[in-house]
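Worksheet for the structure shown next.
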Amino acid sequence: MKHPDLFANRTAVLITKHKKDEVIFPVLAQTGMNLKLLDTIDTDTFGTFTRDIDRKGTQLEAARYKALKAIEETGESIAIASEGSFGSHPTIFFAPANVELVLLIDTINDIEIAGWEISTDTNHSHSEVSSVKEALKFAKQCGFPSHGLAVRPNTGGDNSDILFKGITSEKILKEAVNKSIAESLDGKALLEPDMRAIYNPKRMKVIEKATINLLSKIKSLCPECGWLGFEITEWINGLPCENCFFPTRGIAKHIYQCKKCNHKKEIEYPYNQKYSEPTFCDFCNP
Ligand SMILES: [Zn+2]
Ligand SMILES: [Zn+2]
Numbered sequence: 000m001k002h003p004d005l006f007a008n009r010t011a012v013l014i015t016k017h018k019k020d021e022v023i024f025p026v027l028a029q030t031g032m033n034l035k036l037l038d039t040i041d042t043d044t045f046g047t048f049t050r051d052i053d054r055k056g057t058q059l060e061a062a063r064y065k066a067l068k069a070i071e072e073t074g075e076s077i078a079i080a081s082e083g084s085f086g087s088h089p090t091i092f093f094a095p096a097n098v099e100l101v102l103l104i105d106t107i108n109d110i111e112i113a114g115w116e117i118s119t120d121t122n123h124s125h126s127e128v129s130s131v132k133e134a135l136k137f138a139k140q141c142g143f144p145s146h147g148l149a150v151r152p153n154t155g156g157d158n159s160d161i162l163f164k165g166i167t168s169e170k171i172l173k174e175a176v177n178k179s180i181a182e183s184l185d186g187k188a189l190l191e192p193d194m195r196a197i198y199n200p201k202r203m204k205v206i207e208k209a210t211i212n213l214l215s216k217i218k219s220l221c222p223e224c225g226w227l228g229f230e231i232t233e234w235i236n237g238l239p240c241e242n243c244f245f246p247t248r249g250i251a252k253h254i255y256q257c258k259k260c261n262h263k264k265e266i267e268y269p270y271n272q273k274y275s276e277p278t279f280c281d282f283c284n285p
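Using numbering that gives the first Met the number 0, the letters of the sequence shown correspond one by one to residues 0 to 285.
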């Protein structure tokens with residue numbers, strides 16, 4: 000029994016207001032789905048990066064909420080939604096990271112498949128500036144004007160009505176900075192890159208990679224029952240140190256599990272490495 004064509008010729012609706020279809024559709028075209036855009040719902044009301052609206056729940060919950068909203072709105076049975084987050088990299092110290100999720104939900108077959116990508120190529124940062132000159136310097140570091148900026152007064156900013164978003168022209172940037180400086184109690188403006196995908200080509204690239212990850216999971220079929228979305232569910236560490244043979248935190252096995260029949264498959268040495276470098280050994284290098 001094989002199910003590789005579960006999605007072929009069915010309509011999938013992508014919910015986005017920020018042109019994510021430009022990177023998601025070319026990748027998912029390979030599935031044979033009819034890809035439809037739903038851009039009439041203001042996804043910003045579900046949460047934004049500029050802190051004017053808080054996001055509800057985890058990244059996965061937020062994407063799921065959007066996808067189900069798209070299904071409810073359109074009456075289609077497949078929806079795709081994407082959600083990003085920004086913070087510190089989980090393993091690289093002090094590195095800012097962008098985690099992107101592209102989620103597919105099929106309500107007829109009760110399928111949920113998540114594509115993920117983590118990248119340190121992000122301009123996520125912020126700066127408090129006291130002058131237009133400082134603002135322009137920070138803007139340049141963020142990749143302005145191909146990457147948009149958001150500006151607000153530095154103090155009272157979170158509660159202030161004054162928030163300029165999606166700035167891509169120097170003239171508007173200068174005006175926004177001067178106005179924010181004038182309004183702020185400490186005479187400073189707070190600058191951040193606008194992290195919405197449409198204003199952030201770096202983020203758009205990470206979303207594309209998350210979509211490629213989603214596609215590879217869709218194509219990964221259970222060897223037992225043929226159901227799609229056969230993916231890694233456990234990472235087993237204990238790769239031996241090449242010096243002392245003591246088990247390290249290095250990954251020794253990947254466990255794949257089918258969501259339909261629960262069939263499990265072990266892949267030993269998934270990174271084609273049988274030993275860990277002593278640098279990662281708690282015994283040799285505590
Ligand atoms: Zn299976
Ligand atoms: Zn060792």
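Glycine included, every Cβ here is placed at the ideal spot set by N, Cα and C.
In the three-state DSSP reduction, I180 falls in the helix class (H, G or I).
According to the DSSP secondary-structure assignment, F85 is paired through a beta bridge with N97.
N271 counts as exposed, since fewer than 16 other beta carbons sit within 10 angstroms of its beta carbon. The continuous alpha helix (DSSP H) containing P25 extends over residues 20 to 27. In the structure shown, the three-state DSSP call for K263 is strand. Short of 6 Å from the beta carbon of S183, and not among the five residues preceding or following it, lie these beta carbons of its own chain, in chain order: P152, N153, T154. Between S76 and T106, the gap from beta carbon to beta carbon is short of 7 Å.
Relative to ligand 1, H125 has its C-beta separated by 6 Å or more from all heavy atoms. Burial state of A94 is exposed, judged by a 10 Å Cβ sphere holding fewer than 16 other Cβ atoms. For S215, the enclosing alpha helix (DSSP H) has its first and last residue at 200 to 218. Residue list for ligand 2: C240, N242, C243, F245, P277, C280, F282, C283 (CB closer than 6 Å to any heavy atom, chain order).
Contact between the segment 131 to 140 and the segment 110 to 120 is absent: fewer than 3 CB-CB pairs across the two stretches fall below 8 Å.
As for any alpha helix (DSSP H) of minimum length 4 sitting wholly inside the segment 120 to 145, the runs are 131 to 140, ordered along the chain. For I104, the CB contacts under 6 Å within the same chain, skipping 5 residues up- and downstream, are A66, A78, E111 in chain order. Within 10 angstroms of the beta-carbon of C243 lie fewer than 16 other beta-carbons, which makes it exposed.
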